[in-house]
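Here is the structure we will look at.
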Amino acid sequence: INAEYGGPCPNMVQPNPPNGTVPVTRLYQWPLNFEVEWNMFFVRDANDVPPYVGKPDTPFNVTSGKTWYKTDASGVSMRESYYSYCIPVFGDPTNPMGSRNDFSCDYINSYKTNTAYVVLHDDKPPGAPSCCIIGQPFHPPPRDFSKNMPLKWYGTVGEDSVAWHAVYDKDAGI
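Mind the numbering: the sequence shown is residues -3 to 170 in the working numbering, read in order.
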């Protein structure tokens, strides 16, 4: 992983690629501006890894969401919306946002302030703020972010060719 991003996450042993997949060799680079809708699975069992045909075999949470990425002469801005489960990055389980993730949220990265914000909605946990700063300085990932992800697989699901780029955190508390 590029030293600019601090190297790999500590104490995160990444699982082997799942059966039926091969390492990705093609580097992906997203366009300068894009919107993408997605589904994200939060799976507790580290042995239940993609490819999933439909859904994981073990208990899981799933959220849908959307990412907006914009590049202009001033810099890059990004917004990610998680519609039912917020990505569990708040750590401390005594914090209202660190003990659960069953709420919607938006992450907004602004090049103008070099700041990342999280915006919560009416379903936020009791005691959680409506908006807070989660990083400063902070910037959206580069368009070729997947090249730095530790796991890259390629396989098929049904008749579709699929590439997975993943990071596993068995201690995420989800």
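For each residue, glycine too, the CB sits at the ideal point set by N, CA and C.
> If you run the structure through DSSP and keep just helix, strand and coil, what is Phe134?
Replying inline: coil
> Roughly how many angstroms lie between the CA atoms of Val158 and Val49, to the nearest whole one?
Replying inline: 11 Å
> What are the start and end residues of the beta strand (DSSP E) that includes Thr59?
Replying inline: Phe56 to Asp68
> Mind checking Pro136: buried by the 16 CB within 10 Å criterion, or exposed?
Replying inline: Per the 10 Å Cβ criterion, buried.
> Between which two residues does the beta strand (DSSP E) harbouring Met93 extend?
Replying inline: Looking at the DSSP string, Met93 is not in any beta strand (DSSP E), and its letter there is neither H nor E.
> Apart from the five residues just before and just after Asp41, which ones in its own chain have a Cβ nearer than 7 Å to its Cβ?
Replying inline: Closer than 7 Å at Cβ, skipping near neighbours: Thr54.
> Which residues bound the beta strand (DSSP E) around Asp102?
Replying inline: Cys101 to Ser106
> So, is Thr152 buried or exposed, given that buried needs 16 or more other C-beta atoms within 10 angstroms?
Replying inline: Exposed, since its Cβ has fewer than 16 Cβ neighbours within 10 Å.
>> Going by the DSSP bridge assignment, what does Ile86 pair with across the sheet?
In response: With the sequence shown as reference, residue 86 is identified as Phe, and Ile is not the correct amino acid for it. According to DSSP, which records beta bridges pairwise, Phe86 is partnered with nothing at all.
>> Classify Phe30: buried if its beta carbon has 16 or more other beta carbons within 10 angstroms, exposed otherwise.
In response: Burial call: exposed.
> Do you know how far the Cα of Gly94 is from the Cα of Val115?
Replying inline: 15 Å
> Straight-line CA distance for Asn43 to Asn35?
Replying inline: 20 Å
>> Looking at Glu33: is its Cβ nearer than 8 Å to the Cβ of Ser73?
In response: Taking 8 Å as the cut-off, the beta carbon of Glu33 is found no closer than this to the beta carbon of Ser73.
> Which whole-angstrom value is the C-beta distance of Pro92 and Pro121, which I expect to be below 8 Å?
Replying inline: 4 Å
> Contact check, Lys66 vs Ser77 under 8 Å by CB: the rounded distance?
Replying inline: Contact flag wrong, Cβ pair sits at about 14 Å.
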